[in-house]
Amino acid sequence: MSDQDDRPRVVIIGGGFAGLFAARALRRAAVQVTLIDQAAHHLFQPLLYQCATGILSEGKITAPLRELLRKHQNVEFALAEVTGIDADRRRVLATRPTGDKTEFGYDYLIVAAGVQQSYFGHDEFARYAPGMKSIEDALVIRRRVFGAFEMAESATKPQERRHWLTFALVGAGPTGVELAGQIREVATKTLRSEYRHIKPEDARVLLFDGGSAPLAPFGPKLSAKASSSLDKLGVEQHMHSIVTQIDGTGLSVRAEDGTETRYDAGTVLWTAGIAAPSVATAIAQATGAKQDRAGRIEVGPDLGIPGHPEILVTGDVMSLNKLPGVAEVAMQTGLYAGRRIRHEVAGRETKPFRYFDLGSAAYLSRGRAVVSVGKLQFAGFPGWVVWLFIHIGFLTGYRNRVGAVLSWWFAFTRDLRRERTFTTKQVGIVRDVYADLPASLAPPGDEH
Ligand SMILES: Cc1cc2nc3c(=O)[nH]c(=O)nc-3n(C[C@H](O)[C@H](O)[C@H](O)COP(=O)(O)OP(=O)(O)OC[C@H]3O[C@@H](n4cnc5c(N)ncnc54)[C@H](O)[C@@H]3O)c2cc1C
Numbered sequence: 293m294s295d296q297d298d299r300p301r302v303v304i305i306g307g308g309f310a311g312l313f314a315a316r317a318l319r320r321a322a323v324q325v326t327l328i329d330q331a332a333h334h335l336f337q338p339l340l341y342q343c344a345t346g347i348l349s350e351g352k353i354t355a356p357l358r359e360l361l362r363k364h365q366n367v368e369f370a371l372a373e374v375t376g377i378d379a380d381r382r383r384v385l386a387t388r389p390t391g392d393k394t395e396f397g398y399d400y401l402i403v404a405a406g407v408q409q410s411y412f413g414h415d416e417f418a419r420y421a422p423g424m425k426s427i428e429d430a431l432v433i434r435r436r437v438f439g440a441f442e443m444a445e446s447a448t449k450p451q452e453r454r455h456w457l458t459f460a461l462v463g464a465g466p467t468g469v470e471l472a473g474q475i476r477e478v479a480t481k482t483l484r485s486e487y488r489h490i491k492p493e494d495a496r497v498l499l500f501d502g503g504s505a506p507l508a509p510f511g512p513k514l515s516a517k518a519s520s521s522l523d524k525l526g527v528e529q530h531m532h533s534i535v536t537q538i539d540g541t542g543l544s545v546r547a548e549d550g551t552e553t554r555y556d557a558g559t560v561l562w563t564a565g566i567a568a569p570s571v572a573t574a575i576a577q578a579t580g581a582k583q584d585r586a587g588r589i590e591v592g593p594d595l596g597i598p599g600h601p602e603i604l605v606t607g608d609v610m611s612l613n614k615l616p617g618v619a620e621v622a623m624q625t626g627l628y629a630g631r632r633i634r635h636e637v638a639g640r641e642t643k644p645f646r647y648f649d650l651g652s653a654a655y656l657s658r659g660r661a662v663v664s665v666g667k668l669q670f671a672g673f674p675g676w677v678v679w680l681f682i683h684i685g686f687l688t689g690y691r692n693r694v695g696a697v698l699s700w701w702f703a704f705t706r707d708l709r710r711e712r713t714f715t716t717k718q719v720g721i722v723r724d725v726y727a728d729l730p731a732s733l734a735p736p737g738d739e740h
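Heads up, the sequence shown is in my numbering, so the first residue is 293 and it goes up one at a time.
Encoded structure:
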């Protein structure tokens, strides 16, 4: 695309499901498109937990954005972090990885920046309890989980061994449930005969949630099935539990009756709560848009910001009719935004956005999943088969699909998890995170 190009300019912020589907919808439109992302890859978030627990490599759940867009001659990609917009001058303000500022002019803007983890006002928990939203998060969790077994193996005191073999997860939504089940499977199957001083199956996995049951949005029947599957896996479920404190040695939890209990845990993972990224607030302030409690930008039925029809908001960062933050909403809103612009440029009208609910799924363990599609509900093995086909179908790129199927074959038939790489330097980071380990837990000769 040249500077003399006089086709309308469309800028897309974010190359997740929403941004990518918007770019695809604009492929043959008479516009020039710039997709900006702070990462060079598109990420399939629903399989992050499999990357974190050693089944899939990071390359199998991501695809380079440039490769995905290579046949879209009217689309270019820019690696930069968007910090805000100048709505009057119609410019997107961004920072390149080198730290210098840059700007992109637009006639239409599609905001598809997703959401990030929320610690409900306790950002200090993040240091001890990583969330799971990005590849970086998944690799940190992989390092923490597999690193904990290593630390337990070389521990000399039973108390320290117990500490490292205790995993606490906060949030019993799909991500927390999937991770909890996977850690028990790692402990009881994958690592079963690999250690000489510990029994990995002794690992305790504690799942905390303020609600009454895991996977509550799936309805009482599937939620009960999920709870019983977690029981069978050996996940200890602590519902009606509000986490009040997390530090380097564990967490404190308040029960419904107000009593506080302290749990010692070597690994704490956070899978509760989402918040819109700061760029959403910057855009809302620049346009006068309203934000909901999580900071998502409220839009009208054409996905436009009231008073700014040239700015469309899509996917997780959009707030419309209480639509859930799921991949299907992101894909459909992304497609709609691209089509609306394509139609407008061609002088055609577009009907308001309508969402077609295709259901939701959560993986529990090998051979067990829950799936809800309209009035149809599947659990156990039938649910798992449906889950498998959905994920094969939606995983981005055919190479990733083939690779994932092969990895699943070995993982499901032979308990093999080949993607367990983490470096000793990263283990060093784990030690750094837990620098304030008290003397009672510190190994002999440890200085701090
Ligand atoms: C662990 C996990 C499991 C999930 N499981 C399921 C599931 O089983 N089924 C389901 O339907 N949904 C699931 N979801 C939700 C689903 O992944 C999201 O709804 C979907 O990814 C949202 O797409 P999006 O394009 O709106 O945002 P994202 O996919 O988050 O993409 C946002 C993009 O914007 C980029 N970005 C953000 N801020 C900036 C900035 N300032 N500058 C430049 N770029 C920026 C990011 O790098 C990212 O690439 C899961 C989510 C997670 C985290």
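Beta carbons are placed, not taken as given, at the ideal position from N, Cα and C, and that holds for glycine. Since the structure is predicted, the reported quantities are computational estimates derived from the model, not experimental observations.
Ligand 3 heavy atom lying under 8 Å from the CB of residue i
| i | result |
| --- | --- |
| S664 | Summarising the ligand content, the structure contains ligand 1 and does not contain ligand 3. |
Proximal residues to residue i (C-beta, below 8 Å), its chain only, five neighbours per side dropped
| i | result |
| --- | --- |
| L595 | L604, V605, T606, M610, L612, T625, Y628, A629, R632, F645 |
| I566 | V407, Q408, Q409, S410, A586, D608, G617 |
Residue i - DSSP class collapsed to helix/strand/coil
| i | result |
| --- | --- |
| V591 | coil |
| M424 | coil |
| V609 | helix |
| H683 | helix |
| T482 | helix |
| I538 | strand |
| L733 | coil |
| Q296 | coil |
| E373 | strand |
| F645 | coil |
| R710 | coil |
| R362 | coil |
| T448 | coil |
| T625 | helix |
| L548 | According to the sequence provided, residue 548 is Glu. The question's Leu does not apply to it. The answer is coil: DSSP assigns E548 none of H, G, I, E or B. |
| S657 | strand |
| G580 | coil |
| P616 | coil |
| E739 | Bear in mind that the predicted position of E739 carries a pLDDT of just 44, short of 50, making it too unreliable to give a figure here. |
| T559 | strand |
| T573 | helix |
| F412 | coil |
| R632 | helix |
| A418 | helix |
| I353 | coil |
| S664 | strand |
Chain-order list of residues whose beta-carbon lies under 7 Å from that of residue i (same chain, five-residue window excluded)
| i | result |
| --- | --- |
| R554 | G542, S544 |
| L615 | V621, Y647 |
| D674 | As written in the sequence, residue 674 is Pro, which differs from the Asp given in the question. Contacts found: none. |
| L348 | L339, Q342, A696, S699, E711 |
| G306 | D329, A404, A405, G406 |
Minimum Cβ-Cβ distance from residue i to chain B less than 9 Å
| i | result |
| --- | --- |
| G592 | Given the protein chain composition of this structure (a single chain), no chain B is represented. |
Contacting residues, own chain, Cβ-Cβ under 6 Å from residue i (five flanking each side not counted)
| i | result |
| --- | --- |
| A557 | T458, A460, G542 |
| V303 | T326, V384, F396, Y398, L401 |
| I353 | F336, L339, C343 |
| Y487 | E445 |
| F313 | M623, G626, L627 |
| L525 | G473, R476, S657 |
| V571 | V374, A405 |
| V678 | V663, F670 |
| L650 | E620 |
| K491 | none |
| A574 | G376 |
Below 8 Å, can you find three or more Cβ-Cβ pairs linking the segment 366-385 to the segment 305-322?
yes
Say whether the segment 550-560 touches the segment 511-519, bearing in mind that this needs 3 or more beta-carbon pairs closer than 8 Å, one atom from each stretch.
no
Evaluate contact between the segment 321-329 and the segment 665-677, counting only Cβ atoms and requiring at least three cross-stretch pairs below 8 Å.
no
Indicate whether the contact test is met: 3 or more Cβ pairs, each with one atom in the segment 649-664 and one in the segment 441-448, closer than 8 Å.
no
Inspect the CB distances between the segment 373-392 and the segment 582-590 and report whether three or more fall short of 8 Å.
no
Inter-stretch contact at 8 Å, needing at least 3 Cβ pairs: the segment 459-474 / the segment 494-502
yes
Inter-stretch contact (C-beta, 8 Å, three-pair minimum) for the segment 682-694 and the segment 334-342
yes
Could I get the ranges of all uninterrupted beta strand (DSSP E) runs contained in the segment 301-348, with 3 residues as the minimum, in chain order?
301-305, 324-329, 333-335
On the three-pair Cβ rule with 8 Å, is the segment 340-349 touching the segment 419-434?
yes
Can you list, in chain order, the stretches of the beta strand (DSSP E) that have 3 or more residues and sit fully within the segment 380-407?
383-387, 393-397, 400-403
Which whole runs of the alpha helix (DSSP H) in the segment 453-520 are 4 residues long or more, in chain order?
466-477
Can at least three beta-carbon pairs, one atom from the segment 701-716 and one from the segment 418-426, be found at a separation below 8 Å?
no
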